[in-house]
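Quick note: the sequence shown uses my numbering, first residue -6, plus one each step.
The structure appears below as structure tokens.
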Amino acid sequence: MPTTVWDAAMDAVAAQLRAVVTGTPVELDRRAPVADGECPRLVVTQGDTPAPDLTQDPGAEYHDIEITIAGHCVGSTDTATRIATNTLRAQVMAALNGYAAGVVFDVIAIGGDGVQLFDAEESAKPRGEFVQPFRVRCVTASGHPYSD
-6 MPTTVWDAAM DAVAAQLRAV VTGTPVELDR RAPVADGECP RLVVTQGDTP APDLTQDPGA
54 EYHDIEITIA GHCVGSTDTA TRIATNTLRA QVMAALNGYA AGVVFDVIAI GGDGVQLFDA
114 EESAKPRGEF VQPFRVRCVT ASGHPYSD
């Protein structure tokens, strides 16, 4: 069975993160909360996948796929946690902005809330996270939403 362009985009983003952000596990489609002992960790989820744009190039479909990266960190202090979370977010941005491979021809960060530190009531240890959406643009042949 051929791989859809949406699944190929998820796989390409996860592979790029694993190759560049070494030492941090990358998970796809995780719904369970990330425990303190599982940090640092990156979770990749798929967001909106609007209908492809058929107007840019005859014979081609342009897919804009939203993929969100959530980063989770813990540290010994609030400041150490903030720095670790900012560093992980910067590594993700450096790994993905402008990335191209296979059907993926452009990845760009869109929006995002920046780094958030958990309140003391929410976590026994200093803990931080970020949620950074990206737009992944893929091109396939018209009428063929597959990567192969």
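Even glycine gets a Cβ: it sits at the ideal position worked out from N, Cα and C.
If you're wondering where the values come from, they're calculated on a predicted model, not measured in any experiment.
| Asked | Found |
| --- | --- |
| Just list the beta strand (DSSP E) runs in the segment 85 to 128, keeping only unbroken ones of 3 residues or longer that don't cross its boundaries, in chain order. | 97 to 102 and 108 to 110 |
| Have a look at T(-3) and Y139 and give me their C-alpha separation to the nearest angstrom. | 4 Å |
| Can you round the beta-carbon distance between V132 and Y55 to whole angstroms, since I take them to be within the 8 Å contact cut? | 6 Å |
| Go through its chain and collect everything with a Cβ distance to C32's Cβ below 6 Å, but skip five positions before and after it. | H65, C66 and V67 |
| Under 8 Å, do L89 and V96 count as touching if we go by C-beta distance? | no |
| Is G30 helix, strand or coil when you go by DSSP? | helix |
| Using DSSP's beta-bridge definition, name the partner residues of H56. | C131 |
| The alpha helix (DSSP H) with L10 in it runs from where to where? | V(-2) to V13 |
| Run through DSSP, which three-state label would T61 get? | strand |
| Could you compute how far the alpha carbon of E115 sits from the alpha carbon of P45? | 41 Å |
| With H, G and I counted as helix, E and B as strand and the rest as coil, what does DSSP make of D46? | strand |
| Quick one, which of A63, A93, P126 and D4 has its alpha-carbon nearest V27's? | A63 |
| When you compare only the Cα positions, how much space is there between M3 and D106? | 21 Å |
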